[in-house]
Amino acid sequence: MRLALAASLALSVSACFRPLYGPTASGESMQVALASVQIDDVIMAQDQDRLGHYLRSELIFGLDGSGQNATPKRYRLKLRGSESVTTPIVSSTTARAEAGTIIGTINFSLENLDGTKVVTEGVATSTATYDRSIQRFASLRAARDAEIRLAKVLADQIKTRIASVLAVIKPSGS
C-alpha cells in the first residue's frame with residue numbers, strides 16, 4: 164500500500180517539473196532560445212569598465228558560444244552594474260590589507276528586441292576574494308583574477324535566470 168501511494172504521488176508531481184535545458188514551451192531547443200539574446204554593452208560606474216567587459220564576454224560565450232551565431236535575435240539584454248572592494252583583514256603590524264573582497268552587483272533587463280516589453284529583470288550579486296601582497300603587481304593581478312572569477316559567477320547567475328524564463332515562453336499566437 165505504501166509503495167502504491169508513493170508511486171502515485173511521484174506520478175502526480177512528475178509533470179510539475181521541466182528540465183531547464185530541455186525543449187522550451189515553444190518547442191525550440193534552449194540553445195537556440197539563448198542564442199536569440201543580443202547582449203548590449205554593460206553600463207558600469209566610472210573606472211569599473213573592466214568587470215563589465217569580462218561580464219559581457221562571459222555572457223556572449225555562455226548564451227551564444229561565439230557571438231557570431233546566425234540565430235536571429237529576438238531579445239535584448241541590458242546590463243547596469245557596479246563593484247566595490249572591501250578589505251576585511253588588515254595586518255596589525257604593517258597596517259596593510261592582507262585580503263580583498265570584490266562585491267559585484269548587476270541589474271539586468273531582458274526585453275524584446277524593440278524594447279517595448281520587458282520579459283524579465285533582476286539583480287545578480289556575488290563576491291570574489293583575493294590575497295593582497297606587498298608586491299604591487301602581484302596584488303593587481305590577484306585583483307584582476309578575482310574580477311574574472313566574479314564575472315563568471317555573475318554571468319552564470321544571469322544565464323540561469325534567463326534560461327528559466329525562456330523555457331516557459333510560448334510562441335506568440337499560441
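The opening residue of the sequence shown carries number 164 in my numbering; numbering runs sequentially from there.
By construction, the Cβ of each residue, glycine as well, lies at the ideal position given by its N, Cα and C atoms.
Please read these numbers as outputs of a predicted model, since none were measured by experiment.
Distance, residue j Cα to residue i Cα
i: L240; j: S247; result: 23 Å
i: E310; j: Y293; result: 10 Å
i: A167; j: K322; result: 39 Å
i: A305; j: M193; result: 35 Å
i: L226; j: A330; result: 14 Å
i: I297; j: R307; result: 16 Å
i: E261; j: S245; result: 23 Å
i: A233; j: A198; result: 9 Å
i: F271; j: A169; result: 42 Å
i: E191; j: I223; result: 20 Å
i: D204; j: F300; result: 28 Å
Cβ-Cβ distance between residue i and residue j below 7 Å
i: L276; j: R324; result: no
i: F295; j: S302; result: The sequence as given places Arg at residue 295; Phe does not occur at that position. Yes, Cβ-Cβ distance for R295 and S302 is below 7 Å.
i: T290; j: T264; result: yes
i: R243; j: I206; result: yes
i: I252; j: L317; result: no
Contact set for residue i: own chain, Cβ-Cβ below 7 Å, skip 5 residues either direction
i: K315; result: E221
i: K280; result: E274
i: G285; result: F271, R324
Reference residue i; option with closest CA among the options
i: I266; options: V281, T288, V282, G278; result: T288
i: A319; options: D212, R219, M207, Q201; result: Looking at the sequence shown, residue 319 is not Ala but Asp. Ranking the options by Cα distance to D319, first place goes to R219.
i: I332; options: G215, F300, D203, V282; result: V282
First through last residue of the alpha helix (DSSP H) which encompasses residue i
i: L218; result: 212-227
i: Q320; result: 299-329
i: L197; result: 193-198
Residue i beta carbon near the ligand COA (any heavy atom closer than 6 Å)
i: I252; result: With respect to the ligand COA, the structure offers nothing, as it holds no ligand at all.
Same chain, Cβ closer than 6 Å to residue i, neighbours up to 5 away in sequence not counted
i: G336; result: Model confidence at G336 stands at a pLDDT of 42, short of 50, so the residue's coordinates are unreliable and nothing is read from them.
i: Q201; result: K236, R239
i: Q211; result: E246
Range of the contiguous beta strand (DSSP E) that encloses residue i
i: I269; result: 262-275
i: V282; result: 281-294
i: G244; result: 238-249
8 Å Cβ shell around residue i - same chain, five flanking residues per side excluded
i: M164; result: none
i: A208; result: G244, S245, E246
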